[in-house]
Each structure stands twice: as structure tokens, then as C-alpha cells.
Amino acid sequence: MLQRKFEIVFSAAIVMMAAYWVWEARNLPPRVQLVPWTIGLPVLALSVMQLVASVRSLRAPAVAGNTGADVLPSTGGLDLSSADAVAATATAELAVAEPEVAPEVARQRGLQMFIWILGFFAAIMLLGFRVGAPVATFLFLHLASHERVKLSLTFAFVTYAFLLAADLSHSVTLSTGMIAQSLEMESFDAYLINPIVRLIRGY
Amino acid sequence: MFDSTMFDAFISGLLLVLNPTTLPMLFVGVFVGFWVGILPGLGGPVTMALMLPFIFDMKPVEAFAFLLGMFAVTSTTGDITSILFGVPGEPDSAAVILDGHPMAKNGETGRALSAALMSSLVGAIVGAVILALIIPIVRPVVLALGSPEYFALAFLGIAFVASLSGGNILKGVLAAGVGLLIGMIGLDPQSGSPRYTFGKLELWNGVGLVPIAVGLFAIPEILELWVKGSSIAERRVGKLGGVWQGVVDTFVHWKLTLRGSAIGTLLGIIPGLGAAASQWVAYAHAVQSAEDKSRFGKGDVRGVLAPGACNNSRLGGALVPTIAFGLPASTSMAILLGAFQIKGLVPGPDMLTTKLDITFSLVWLIVLSNIITVAMCYLLLNQLVKITYVRGALLIPTLLLLVFFGAYADSNSLFDLGVALIFGIIGLVMVYLGWQRPPLILGLVLGPLIEKNLSISYGRYEFAFLSRPLVIVIIVATLLVTFYPLIQSAIDRRRGIKRHERVATEV
Numbered sequence: 008m009l010q011r012k013f014e015i016v017f018s019a020a021i022v023m024m025a026a027y028w029v030w031e032a033r034n035l036p037p038r039v040q041l042v043p044w045t046i047g048l049p050v051l052a053l054s055v056m057q058l059v060a061s062v063r064s065l066r067a068p069a070v071a072g073n074t075g076a077d078v079l080p081s082t083g084g085l086d087l088s089s090a091d092a093v094a095a096t097a098t099a100e101l102a103v104a105e106p107e108v109a110p111e112v113a114r115q116r117g118l119q120m121f122i123w124i125l126g127f128f129a130a131i132m133l134l135g136f137r138v139g140a141p142v143a144t145f146l147f148l149h150l151a152s153h154e155r156v157k158l159s160l161t162f163a164f165v166t167y168a169f170l171l172a173a174d175l176s177h178s179v180t181l182s183t184g185m186i187a188q189s190l191e192m193e194s195f196d197a198y199l200i201n202p203i204v205r206l207i208r209g210y
Numbered sequence: 000m001f002d003s004t005m006f007d008a009f010i011s012g013l014l015l016v017l018n019p020t021t022l023p024m025l026f027v028g029v030f031v032g033f034w035v036g037i038l039p040g041l042g043g044p045v046t047m048a049l050m051l052p053f054i055f056d057m058k059p060v061e062a063f064a065f066l067l068g069m070f071a072v073t074s075t076t077g078d079i080t081s082i083l084f085g086v087p088g089e090p091d092s093a094a095v096i097l098d099g100h101p102m103a104k105n106g107e108t109g110r111a112l113s114a115a116l117m118s119s120l121v122g123a124i125v126g127a128v129i130l131a132l133i134i135p136i137v138r139p140v141v142l143a144l145g146s147p148e149y150f151a152l153a154f155l156g157i158a159f160v161a162s163l164s165g166g167n168i169l170k171g172v173l174a175a176g177v178g179l180l181i182g183m184i185g186l187d188p189q190s191g192s193p194r195y196t197f198g199k200l201e202l203w204n205g206v207g208l209v210p211i212a213v214g215l216f217a218i219p220e221i222l223e224l225w226v227k228g229s230s231i232a233e234r235r236v237g238k239l240g241g242v243w244q245g246v247v248d249t250f251v252h253w254k255l256t257l258r259g260s261a262i263g264t265l266l267g268i269i270p271g272l273g274a275a276a277s278q279w280v281a282y283a284h285a286v287q288s289a290e291d292k293s294r295f296g297k298g299d300v301r302g303v304l305a306p307g308a309c310n311n312s313r314l315g316g317a318l319v320p321t322i323a324f325g326l327p328a329s330t331s332m333a334i335l336l337g338a339f340q341i342k343g344l345v346p347g348p349d350m351l352t353t354k355l356d357i358t359f360s361l362v363w364l365i366v367l368s369n370i371i372t373v374a375m376c377y378l379l380l381n382q383l384v385k386i387t388y389v390r391g392a393l394l395i396p397t398l399l400l401l402v403f404f405g406a407y408a409d410s411n412s413l414f415d416l417g418v419a420l421i422f423g424i425i426g427l428v429m430v431y432l433g434w435q436r437p438p439l440i441l442g443l444v445l446g447p448l449i450e451k452n453l454s455i456s457y458g459r460y461e462f463a464f465l466s467r468p469l470v471i472v473i474i475v476a477t478l479l480v481t482f483y484p485l486i487q488s489a490i491d492r493r494r495g496i497k498r499h500e501r502v503a504t505e506v
């Protein structure tokens, strides 16, 4: 039921997006209106259809989930009558064989990982790539994945080395992070790295 | 048909690939592909999306060597975990499990792995040969089409991908529509005025393909990798024997291997059909064409040869509509089309005339990358197996770094980090609600092409371009592909209700 409600919200969001696109194009010159309306109007119509279908499905009775065992043919083994039948029975057998994660555990782990993804993002935004990414890597491996300190530090160091190499090679100019920028610092690791780089370049 | 121009381009393509700067990129792509193909949780399309930011500074052929080298490997090495542990390393390696894993359990691990590798190589070469042969045939067709036809073909491609890649077709078409709408963000190409930018300067150049692709595909996969936990190897594999027997099997059953290759190439041409379907068609054909079917599902090497050959021959077929018509035949081809865009190449007539050497270089790249892959697999088979013991959780920080680094590197903007995160959340929602993600990318990639062709068509013919015979045929085909499944399912539902009512009254 929750899934169906989400479906309605998502479909409604697409309707609003398409409607806005079509509405905004009204002020454009006729030749320029062509593309937004050629694409926007059919998308709007289809999205309304999808929204109606989503709302209707809210009233339909819930269908019981099929387990892999339910779709295995009664005779057992592979149905070789056609390619579709082979695919259906074989994927059913593979689904049964694959170990399932309990829904509650899956939800918990999913939420945990989502928070870590947000944390990774926040670390890079605030501390910059060269500091934020290795810190987030270490914290994730040690705290979430319960890896040993040595392994976590190794991964963090390799991450730092990769980013430093990318930055120093000028192939990309990495952000130093919002905190360093607001403090008008070059970067958090500049005091450590710059002397070393100057020394190496001096040679 | 195959005139001296073609031949010159064919040789030029080889020389481009053998260039000292291209070959190393091929090896790097193959190396990355080894890791991706072997480790479940990542797919070829996800990795291609993650690697897109790294091709900006490469020449076109170098970029394709990198991407195609990686992609060509993933199907081959995906068979390794399928055979060893019954876990598909790639979605298109599932069919190999049926007979490959029982062979491993029966002590024929080396034979099964070797059969999969050698049939993959044969399949790839057959696919490349067919691609090379189709190019001169398809060239006059491509040159005869104009912007109205290309405009209509783009919608047909979207309809195919939405309908044949599984799931609800209306959702698939809508996802593509959303991609097309997002593709309109930025400066209007005709008037130069900002369009749908919400007053943000960062959106004047549009929303980058790379941040969207990495967020949309990689973030949900990363989440799933964590949720499922480490699912790769749980037991150690002993020494692998019978490797030579697997090579012999490929040539003893050469007709089946060739037929599997042909199935993969031909089905690969059809947009949206995907590896999931073609591998099962190849497997079913192997079963149905066998006189003795009793060992299938219990360790018959023919059950490994056919899907193994099919998976690697698909790439050759899939490149035909992608290069000739700008119609990606699969998610990976949609991302490859994005790479075309990044390198300033336009699929269609250009790729078969002025850039024909680049097109033929793709043929050579498929052949070379698979030869290198199979050779390395044979040399390092025992070591490759050890990679499967790597815990999935160790990959996650690296993948997240690639997502955010890749998104940022697109235009050195923190704004794109936010785009990647937002589209990651959208990807999660789409997966949760059963919406397909590839059509969204397809819409985004095809958007500029559709806009360009529509503008040219309208500029030359106004709305009269819609009355061109081929355009009408393509539009009708698009409507059929889009709406026929919807009408059919509505009819089926009504028949089901009537049957239920009839049974109820009879009872």
C-alpha cells in the first residue's frame, strides 16, 4: 500500500514537471516553442494516464508476493517448450537458490547505507575531496564495515594518494571544501603537502 | 559496396587501434573490466557510466578503446562467478549457471570455464565480422535517410527500449520523456536564451549526462551491494583441471557456437531486447537442437557454449543501430552514445562517411579486446578466482568516490555533486517503484539529436515532413510498439475478469 502511495506521488510529480515545461514554453517565440511542446504535450498526456492508473491501483486488492517456489512448474526441472519457458523456469530456480535478506534487515541496511552516502557527500562538500573522501572512507570501513584499523587506513591513504595525484597533475581542480573556503584557507592539508611538493619540484 | 574507400577505412581503423596511445587505453579498459565482470553487484553499464568522466581528455579512439575494452570483458569474466559459485557476475551471465555450475560441482570446473572463455572469443569475433559486413550494406540506407526520418527513428528507439527491456511500458516511455524534458534545460540552441534554468547560472549549460548517469545507476547499486552483503565466494576453489578439454569442446561443437554467436549478433541489433532475453534464446536453442537433452541442467557443456558465444557477439550487433541510426540497442549503448556526444561525434551519416575509420576501429577494438581478455584469463585463471574472495563492502567507498569524483570532474562544479546525489535518490525511488532507469538516460542522450533533427526538418519542410512515407511508417511502428502491449494487457484483463465471472456463475 505504501508503495502504491509513493507511486501516486511520483506520477503526480512527473505530471507537474511536464505541465510546467509546457506552460513555460508559452512565452517563447513560435519556432522555439516547437520542441518543448512537441515533447512536453505527449509526456503530459502520458503522465496523466500513469497517474490515473496509479490512483486506480490504490483501490485494487493487493497481490500476494510470489516466491520462487510458487512459479516452479509442477513437473519440476526446466520447461523446454520455448525460450520464454526456459527463462521463466530457470530464473525461478535461480531465485530460489539465491539467499534472501529478511525485509526488516534489508530496510535497516538500506537506511544505514543511505545515511552513509549522505555523509560521504557532506564530507566532500565541507572538507573537500582530498580530506573529506579519505576521512569518510576510513570511517565507513572501520565503523560500518567493521574492518581493521590498518586496512581502513590503507584504503584511506590510497584514496588520498589518488586524489592528490589527480589534483597535482592538473587534470582536475578539486574543491577544497566549504569550510576551508569560508576560512579563506588553501586547503586543510596544504600546510602538509605544499612543502613536500615544493621540495620535490625543487629537485 | 565494399569499395576502396571502405577498404582504406578498414585498414585505417586498425592503424588507429594499434597506435601507441590507444593500445594502453585498451589494456586499462580490459583491466577495469576484469574487476567489474568478476565482482557481482556492479554491471557493465554502471561501470561505463562511472568511467565516462575519465574520457574527456582522451582522443575518440582512445576513449572507445577504454570503454569497449572494459565492456567487452565484463560478459566474459561474468561467466567465471556464474560457473564457480552459481552467482551471475553480470546479468547476462545467468544462463551459464544452469550447466556451468553443475559442471563445476562435477569436478569439471576448468573445462566449463575454458568452454565459456573460448566460446566468448568466437562469439565476439563473429559479432565483429558481422558488424564489419553490415556496415557497407547499411551505409546506403543511412545516407538515404534525412533529418525527418532520424527524428522519427529516435522515438522508435525509445519505444523499443521502453517496451522490450521489461516492466511497464508506460513507465518506460514516461521515464524517457522525463529524460527528454531534462535534456531541454539550458540555453536554447536556436535563440540562445535560457530555458528551464530556474534562474541558476549553473544550469545554463544544461544538466550534465555524467552526474545524472553515475547518480542514477551507481547509487542504487551501491545501496543494493550493502543490503545484500558479501555474496561472492564462500568456499575455496581447488586447482582447475580440464582446461584444454573446454577449448576442444568449442570446436567440436563449432556449429552450435556459431549459431549462438549469430543469435547474439542478430538479437543485439534489436533495440531494447537486451542480454537477458538473448542468452535464454541461445540456451533454449542449444537444448532444442540437441538430440540428447538429458544432461541439460546437469552439466552439459553445450549449455555453456551457446550462451557464452551469444553474450559476446551481442556487442557487434548492438553497435549497428547505435552507430548508424543513433538508436542505442541497450543501456550500455545509450551510455556509449553519451561518450559519442562527449567526443563530439554524431551517429549517423558522418560515422559511415567522414568518420568511417573510427567506425571500423570499433570493429577492431571488439576483436582485440576479447583476444587480450581471453588470453589473460587463460594465463591468470587461478589468480582471477581469488578476486572473488574480495568482500563487497570494501568496494563501496571506492565506488562512492568514483560517483562523486566523476560527477565533479564533468565541469569542476560542486553543483554536479548535488545533481548526482539527487539523481541517485531518484534512481532509488525508480527501483523501489519498478520504473526503468535506462530509458531516462536514453531520453537525455537522444534529446539534443531529436531537437536538432526536428528543427532542421521543420525549417526545411514545416509540418509537411510528417507526411513523408518512411516517417509515417516509423511513427505508426512507434505507436504500435508503445500502445499495443497496453491494449493487449487491457484485453487480457477483461478476458480474465469475464472468465472469472463465468467460473463464479458456474460454481
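Taken in order, these protein sequences are the chains called Y and H. The working numbering applies: residue 8 is where the first sequence begins, and numbers increase by one. The working numbering applies: residue 0 is where the second sequence begins, and numbers increase by one. By construction, the Cβ of each residue, glycine as well, lies at the ideal position given by its N, Cα and C atoms.
Query raised in the report: What are the residues of the segment 41 to 55 of chain Y that lie near chain H, defined by any Cβ-Cβ distance shorter than 8 Å?
Result: 41, 42, 43, 45, 46, 47, 49, 50, 53, 54
Query - Closest Cα partner of residue 463/H within the set 157/H, 161/H, 204/H, 147/H - result: 147/H
Query raised in the report: Near residue 262/H, which residues of its chain fall below 7 Å by C-beta distance, leaving aside the five closest residues on each side in sequence?
Result: 277, 280, 281, 284, 309
Requested in this report: For residue 126/H, I'd like the list of residues in its chain whose CB is within less than 8 Å of its CB, leaving aside the five on either flank, ordered along the chain.
Outcome: 260, 263, 264, 267, 311, 312, 313, 314, 315, 316, 365
**Report entry** Extent of the continuous alpha helix (DSSP H) to which residue 12/Y belongs
**Finding:** 9 to 31
Requested in this report: Mind the definition here: the segment 344 to 358 of chain H touches the segment 457 to 471 of chain H only if three or more C-beta pairs lie below 8 Å; say whether that holds.
Outcome: no
**Report entry** Cβ neighbour criterion (16 or more within 10 Å) applied to residue 202/Y
**Finding:** exposed
Query - Partner residues on chain Y for residue 450/H, Cβ-Cβ distance less than 8 Å - result: 42
Requested in this report: Check the Cβ-Cβ distances between residue 183/H and every residue of chain Y, and say whether any is below 8 Å.
Outcome: yes
Report task. Determine whether the Cβ of residue 231/H lies closer than 8 Å to any Cβ atom of chain Y. Result -> Confidence is the limiting factor: at residue 231/H the pLDDT is only 49, short of 50, which leaves the residue's position unreliable and the question unanswerable from this model.
Report task. State the CB to CB distance for the pair residue 24/H and residue 47/H, rounded to an integer number of angstroms; the pair is presumed to be in contact (CB under 8 Å). Result -> Actually they do not touch by this definition, with Cβ atoms about 14 Å apart.
Query - Beta carbon of residue 15/H nearer than 8 Å to that of residue 360/H - result: yes
Query - In chain order, each beta strand (DSSP E) run of at least 3 residues that lies wholly inside the segment 115 to 185 of chain Y - result: none
Query raised in the report: Looking at the structure shown, is residue 99/H part of a helix, part of a strand, or coil, going by DSSP?
Result: helix
Requested in this report: Inspect the beta-carbon positions of residue 569/H and residue 10/Y and report whether they are closer than 8 Å.
Outcome: Because residue 569/H is not part of the residues shown, which for chain H are 0 to 506, the question remains open.
Query raised in the report: Got a sec? Which residues, its chain only, sit under 8 Å from residue 194/H by beta carbon, not counting five neighbours each side?
Result: 183, 184, 185, 186, 187
Query - Test: residue 188/Y CB closer than 8 Å to a CB of chain H - result: no
Query raised in the report: At a cut of 8 Å, does the segment 295 to 307 of chain H reach the segment 150 to 160 of chain H through at least three beta carbon pairs?
Result: no
Report task. At 9 Å on the CB atoms, spell out the chain Y contacts of residue 407/H, in chain order. Result -> 131, 136, 179, 181, 182
Query - Min CB distance residue 25/Y to chain H below 8 Å - result: yes
Query - Short Cβ contact (8 Å threshold) for residue 81/H with residue 93/H - result: yes
**Report entry** Within 8 Å, strictly: CB atoms of residue 449/H and residue 150/H
**Finding:** yes
Query raised in the report: Between residue 6/H and the rest of its own chain, which residues show a CB-CB distance below 8 Å, the 5 nearest in sequence each way excluded?
Result: none
Report task. Please list the partners that residue 36/Y has in chain H, where partner means a Cβ-to-Cβ separation under 8 Å. Result -> 190
Report task. Decide yes or no for the touch test of the segment 142 to 151 of chain Y against the segment 190 to 199 of chain Y: beta carbon pairs closer than 8 Å, at least 3 of them. Result -> no
Query raised in the report: So, is the C-beta of residue 392/H closer than 8 Å to a C-beta in chain Y?
Result: yes
Report task. Identify whether residue 208/H lies in helix, strand or coil by the three-state DSSP scheme. Result -> helix
Requested in this report: In the DSSP assignment, find the alpha helix (DSSP H) that holds residue 54/H and state where it starts and stops.
Outcome: Unbroken run through residue 54/H: none, as it is neither H nor E.
Query raised in the report: DSSP three-state call for residue 206/Y: helix, strand or coil?
Result: helix
Report task. Taking 8 Å as the cut-off, decide whether the C-beta atoms of residue 427/H and residue 222/H are in contact. Result -> yes
Report task. Can you have a look at residue 407/H and say buried or exposed, based on whether 16 or more other CB atoms are within 10 angstroms of its CB? Result -> buried
**Report entry** Listed by chain order, chain Y residues near residue 205/H by CB distance under 8 Å
**Finding:** Those do not exist, as residue 205/H stays about 14 Å from chain Y at its closest Cβ, beyond 8 Å.
Requested in this report: Using beta-carbon positions only, say whether residue 32/Y and residue 40/Y come within less than 8 Å of one another.
Outcome: yes
Query raised in the report: If you compare alpha carbons, which of 475/H, 477/H, 446/H, 483/H is closest to residue 180/H?
Result: 446/H
Query raised in the report: So what does DSSP say about residue 231/H, is it helix, strand or coil?
Result: Unreliable positioning characterises residue 231/H in this predicted model, as indicated by a pLDDT of 49, which lies under 50. A coordinate reading is not provided.
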